[in-house]
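Report on one structure; see the data block that follows.
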Amino acid sequence: MRRAGNVFGRRGNRQLKQLWGLRGLLERLSVALIVLLICCISLFTAFKSTSNLSGIRSGKPISVDELWETAASGGWRPSSAPRSDWPSPPVETNGYLRVRCNGGLNQQRTAICNAVLAARIMNATLVLPELDANAYWNDNSGFHGIYDVEHFIKSLRYDVRIVETLPEISKHEKSKKLKAHQIRPPRDAPVSWYKTVALKAMKEHGAIYLTPFSHRLEEEIDNAEYQRLRCRVNYHALRFKPQIMKLSQAIVSKLRSQGHFMSIHLRFEMDMLSFAGCFDIFTPAEQKILKKYREENFAPKELVYDERRAIGKCPLTPEEASLILRAMGFDNSTRIYLAVGELFGGDRFMKPFRALFPHLANHNTMGLSADELAEGTHGMLGSAVDYMVCLLSDIFLPTYDGPSNFANNVMGHRLYYGFRTIIQPDRKALARIFIKREKGQTADFEESVRQVMYNRPFGGPHKRIPPESFYINSWPECFCQMNPKNTADKCPPENVVENLNSRLQSEEGMRSSNMTDG
Numbered sequence: 039m040r041r042a043g044n045v046f047g048r049r050g051n052r053q054l055k056q057l058w059g060l061r062g063l064l065e066r067l068s069v070a071l072i073v074l075l076i077c078c079i080s081l082f083t084a085f086k087s088t089s090n091l092s093g094i095r096s097g098k099p100i101s102v103d104e105l106w107e108t109a110a111s112g113g114w115r116p117s118s119a120p121r122s123d124w125p126s127p128p129v130e131t132n133g134y135l136r137v138r139c140n141g142g143l144n145q146q147r148t149a150i151c152n153a154v155l156a157a158r159i160m161n162a163t164l165v166l167p168e169l170d171a172n173a174y175w176n177d178n179s180g181f182h183g184i185y186d187v188e189h190f191i192k193s194l195r196y197d198v199r200i201v202e203t204l205p206e207i208s209k210h211e212k213s214k215k216l217k218a219h220q221i222r223p224p225r226d227a228p229v230s231w232y233k234t235v236a237l238k239a240m241k242e243h244g245a246i247y248l249t250p251f252s253h254r255l256e257e258e259i260d261n262a263e264y265q266r267l268r269c270r271v272n273y274h275a276l277r278f279k280p281q282i283m284k285l286s287q288a289i290v291s292k293l294r295s296q297g298h299f300m301s302i303h304l305r306f307e308m309d310m311l312s313f314a315g316c317f318d319i320f321t322p323a324e325q326k327i328l329k330k331y332r333e334e335n336f337a338p339k340e341l342v343y344d345e346r347r348a349i350g351k352c353p354l355t356p357e358e359a360s361l362i363l364r365a366m367g368f369d370n371s372t373r374i375y376l377a378v379g380e381l382f383g384g385d386r387f388m389k390p391f392r393a394l395f396p397h398l399a400n401h402n403t404m405g406l407s408a409d410e411l412a413e414g415t416h417g418m419l420g421s422a423v424d425y426m427v428c429l430l431s432d433i434f435l436p437t438y439d440g441p442s443n444f445a446n447n448v449m450g451h452r453l454y455y456g457f458r459t460i461i462q463p464d465r466k467a468l469a470r471i472f473i474k475r476e477k478g479q480t481a482d483f484e485e486s487v488r489q490v491m492y493n494r495p496f497g498g499p500h501k502r503i504p505p506e507s508f509y510i511n512s513w514p515e516c517f518c519q520m521n522p523k524n525t526a527d528k529c530p531p532e533n534v535v536e537n538l539n540s541r542l543q544s545e546e547g548m549r550s551s552n553m554t555d556g
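Right, dumping it as structure tokens:
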């Protein structure tokens, strides 16, 4: 016979286990509810902060009249001045930094920004950057031929010391130019590489030569002052030579004398089409040319046109660009400046565009004098003129961004220049709509295009999300607010430049005094 006490004990144990199990279940449910609550709060906060950025749209229609105006700023203004302690560059640096900027005009432009930052990181004296002779444009203008050197050096005097050439050194009673130790920097090298490997070589040899220097410093740096220095270089120090500025302004004045105008970067040239692998719309002879150019200039890669097209990897054709504009409400009175090199495939690709928008211009059709045109419309000088006209136009539309340095730099500059309107097509979302149209499915075509385009930022402030480049969107580092919610976004004092100048003069005065005493 079982004892009653044993029976009660086992039942009690079972009841106790059930209670403990129920308690554990309740604890797990509580944890799950807390996690769910935290996620909801985080999502709400992210949505709220995103919705406060006036540049982000949510499918709301926008009229053509609104697009001709600048985008809403949300109280933000461009500001790249230092907001924390920013010492003047010391007279005695760790050595000289020489760089060779390869690529086209705008790839070189980003490399110059990186070179200045690299010099600041290493406390180095920067030798005026070398610009590669451009094989595509057959142009060897160099820094002096494109940019205002005096303005460049003066603008950055609070940030880095810049010299035009390496100094002469005396050795065995003979003078010769200091030789820089050559290094090939890794692509997108971190700041730590410059503080260790590059700096060690500089201290050892007195000067280093970094070549090539395209994309040789990481873009996303967790140091807002470093990023603001990039903006000071890009949007203030790098000013084109006076004749380029004069010619650009003459073109803009002629265009604007008749009202609003937009600019389009029509990236439909042989080099970009070869890079993108978008061949099938061309004749067999044209495809052979593109494939040959690709084999000679780019790494081997299996590219299938239909796949590339479907994911938005092909540049918009001129006809596709015109259909987007018409769907958005622009009519045939719209005046358009085309920034384009040699359009591949000939005039047959421009005929559909011209049929919808006949008022087209480029720097060769503006009725300028032969002397004016000779001064600045060939090769990289012509690209510089196109850059300025696209910067100053009322609306800018790039048909291909991604690896297009011209479009990326212009978009970033327009954002900084006062949130000037940008129509940036979502090629991936638009691809399926254009493919359906080519198959004869034209119902609701224009409405479908509008729905895609109404979700674009149109040049207003918006969060930078990879793969968007810092050079396309320098918000929030290079912008500020007078009455911010976050103190990090507060605009610096109006006299920040005077303070920097006073500090620089004080330090130079102390140096002169020490030299006199010595």
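Residue numbers (the working numbering): 39 to 556. Note that the Cβ used here is the ideal one computed from N, Cα and C, for glycine as well.
Contact fails between the region 220-229 and the region 117-131, because fewer than three Cβ pairs, one in each stretch, are under 8 Å apart. In the DSSP assignment, Cys518 is bridged to Arg115. For Tyr455, the three-state secondary structure derived from DSSP is coil. Following the DSSP letters along the chain, one finds Tyr425 inside the alpha helix (DSSP H) bounded by residues Gly417 to Leu430. Assignment of His303 by DSSP, reduced to helix, strand and coil, places it in the strand class. Rounded to whole angstroms, the separation of the alpha carbons of Gly420 and Asp432 is 20 Å.
Contact between Ala393 and Phe251 fails: their C-beta atoms lie close to 44 Å from each other, not under 8 Å. At a Cβ-Cβ threshold of 8 Å, Ala157 and Glu515 do not count as neighbours. Phe336 counts as exposed, since fewer than 16 other C-beta atoms from the protein chains shown sit within 10 angstroms of its C-beta. Annotation: the continuous alpha helix (DSSP H) that includes Pro390 extends over Lys389 to Leu394.
Closest option to Asn443, judged by alpha-carbon separation, among His298, Val201 and His303: His303. One thing to note: Tyr455 has its Cβ within 8 Å of the Cβ of Leu429. The bridge partners DSSP lists for Thr163 are Tyr134 and Arg199. Tyr425 sits away from Leu354, with the two beta carbons spaced by 8 Å or more. Counting C-beta pairs with one atom in each stretch, the region 481-497 and the region 234-246 have fewer than three that are closer than 8 Å, which means they do not touch. Counting along the chain, Lys292 sits inside no beta strand (DSSP E); it lies in the alpha helix (DSSP H) bounded by residues Pro280 to Arg294. Taken atom to atom, the span from the alpha-carbon of Ile246 to that of His274 is near 27 Å.
Between the beta-carbon of Gly450 and that of Ser179 there is about 23 Å, and that puts the pair past the 8 Å contact cut.
Your pair Val201 and Val165 checks out as a contact, with CB atoms roughly 6 Å apart and the cut at 8 Å.
Less than 8 Å separates the beta-carbon of Ile374 from that of Met300. Bounds of the alpha helix (DSSP H) holding Phe181 are Gly180 to Ile184.
Residues of the same chain with a CB within less than 6 Å of the CB of Leu538, apart from the 5 flanking positions on each side, are Tyr196 in chain order. By DSSP's assignment, His219 forms a beta bridge with Ile246. The region 94-113 and the region 207-216 do not touch, with fewer than 3 CB-CB distances between them shorter than 8 Å. DSSP places Leu381 in no alpha helix (DSSP H); its state is neither H nor E. If you draw a straight line from the Cα of Val290 to the Cα of Asp369, it is about 21 Å long.
In the three-state DSSP reduction, Pro495 falls in the coil class, being neither helix nor strand. Sequence-distant partners of Lys279 (beyond 5 residues in either direction) whose C-beta falls short of 6 Å from its own C-beta, in its chain, are Asp186.
Residue pairing by DSSP leaves Glu476 without any beta bridge partner.
Contact between the region 252-261 and the region 225-234 is present: three or more C-beta pairs spanning the two stretches fall below 8 Å. The Cβ atoms of Ala348 and Ala469 lie closer than 8 Å to each other.
The shortest CA-to-CA distance from Gly112 to any of Glu536, Met520, Gln543 and Pro530 is the one to Met520. Here the C-alpha atom of Arg277 lies approximately 18 Å from the C-alpha atom of Ala445. Judged by DSSP in its simplified three-state form, Ile460 adopts strand.
Counted as a single uninterrupted DSSP element, the alpha helix (DSSP H) harbouring Leu363 occupies residues Pro356 to Ala365.
Partner residues in a beta bridge of Glu104, as assigned by DSSP, do not exist.
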